[in-house]
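Asker: Quick one: structure below, then a few questions.
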Amino acid sequence: EDKVVQSPLSLVVHEGDTVTLNCSYEVTNFRSLLWYKQEKKAPTFLFMLTSSGIEKKSGRLSSILDKKELFSILNITATQTGDSAVYLCAVLPTSGTYKYIFGTGTRLKVLA
Amino acid sequence: EADIYQTPRYLVIGTGKKITLECSQTMGHDKMYWYQQDPGMELHLIHYSYGVNSTEKGDLSSESTVSRIRTEHFPLTLESARPSHTSQYLCASSEPHRGEQYFGPGTRLTVT
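Protein chains in written order, with our numbering: chain A, 33 to 144; chain B, 11 to 122.
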């Protein structure tokens, strides 16, 4: 059965800290891996990764995919209280159905 | 910025009522999705659509139904609401041949 596992489940840090969130997957016929940030309501898109070893970067956030070891990490440097959210990882298989498989998320709390 | 809308945002209804949750997007996306998410839990796909007159059930068994008569509109209907339907319902859409999904703000449903 296809699955996506995120770790840690929750994390509390202080402003200025650097955090690394993990996403491992077991999916038949991998197509792409996506990261989302979910605050109060809807998830917002952060990154999509399809190729191994190529880092995607946006400001203080960056992400990389390892297709051999079947995982991805999301790094956040110099964290701010506004980074507090649930970070979701999702994998899209190539089955043609466009059915995304989501992990349970990592709940990040950044203290001032 | 993604333009995907859901109404109502909050709904409290009694057991046995019929309800329709509305979802509309103005991006012309062919693919649309309904997810159910309980607090602190992962998103579960309950319905998806590849285009007009195309609907499929997702992985999570659901007593709801959907329709896709117009590209921009993907309503979800519960014929007879039960307390077990209490949850957050998220609608999403995605572009053809692209991976990222855009989510609506969600409907938080409480069935008493």
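Using N, Cα and C, we set each Cβ at its ideal position, and we do this for glycine too.
Would you kindly work out how many angstroms separate the C-alpha atoms of E89(B) and G24(B), rounded to a whole number?
Answerer: If you take the alpha carbons of E89(B) and G24(B), they lie about 12 Å apart.
Asker: Have a look at the DSSP bridge pairing and note the partners of A117(A).
Answerer: According to DSSP, which records beta bridges pairwise, A117(A) is partnered with L140(A).
Asker: Taking the CB atoms as reference points, tell me whether H57(B) and S104(B) lie closer together than 8 Å.
Answerer: No.
Asker: Check the Cβ-Cβ distances between M42(B) and every residue of chain A, and say whether any is below 8 Å.
Answerer: By this cut-off, M42(B) is not an interface position.
Asker: Thinking C-alpha only, which one of P49(B), Y60(B), T36(B), R80(B) is nearest L119(B)?
Answerer: The shortest C-alpha separation from L119(B) is found at P49(B).
Asker: Locate the beta strand (DSSP E) running through L21(B), then write down its first and last residues.
Answerer: Note, L21(B): beta strand (DSSP E), 20 to 23.
Asker: Could you tell me the distance, in whole angstroms, from the CA atom of Y119(A) to the CA atom of E47(A)?
Answerer: Their backbone Cα atoms lie some 17 Å apart in a straight line.
Asker: Would the region 76 to 91 of chain B count as touching the region 26 to 36 of chain B if we require 3 or more Cβ pairs under 8 Å?
Answerer: Yes: the two stretches touch, three or more of their Cβ pairs being nearer than 8 Å.
Asker: Start and end of the beta strand (DSSP E) containing E89(B)?
Answerer: Unbroken run through E89(B): none, as it is neither H nor E.
Asker: Verify the CB distance criterion: does Y58(B) have a CB-CB separation below 8 Å to chain A?
Answerer: Output row for Y58(B): interface = yes.
Asker: Are the region 64 to 80 of chain B and the region 13 to 23 of chain B touching, with three or more C-beta to C-beta distances below 8 Å?
Answerer: No, because fewer than three Cβ pairs between the region 64 to 80 of chain B and the region 13 to 23 of chain B fall closer than 8 Å, the two stretches do not touch.
Asker: Taking just the CA atoms, how far does D49(A) sit from T124(B)?
Answerer: Chain B is shown only over 11 to 122; residue 124(B) falls outside these bounds and no answer can be derived.
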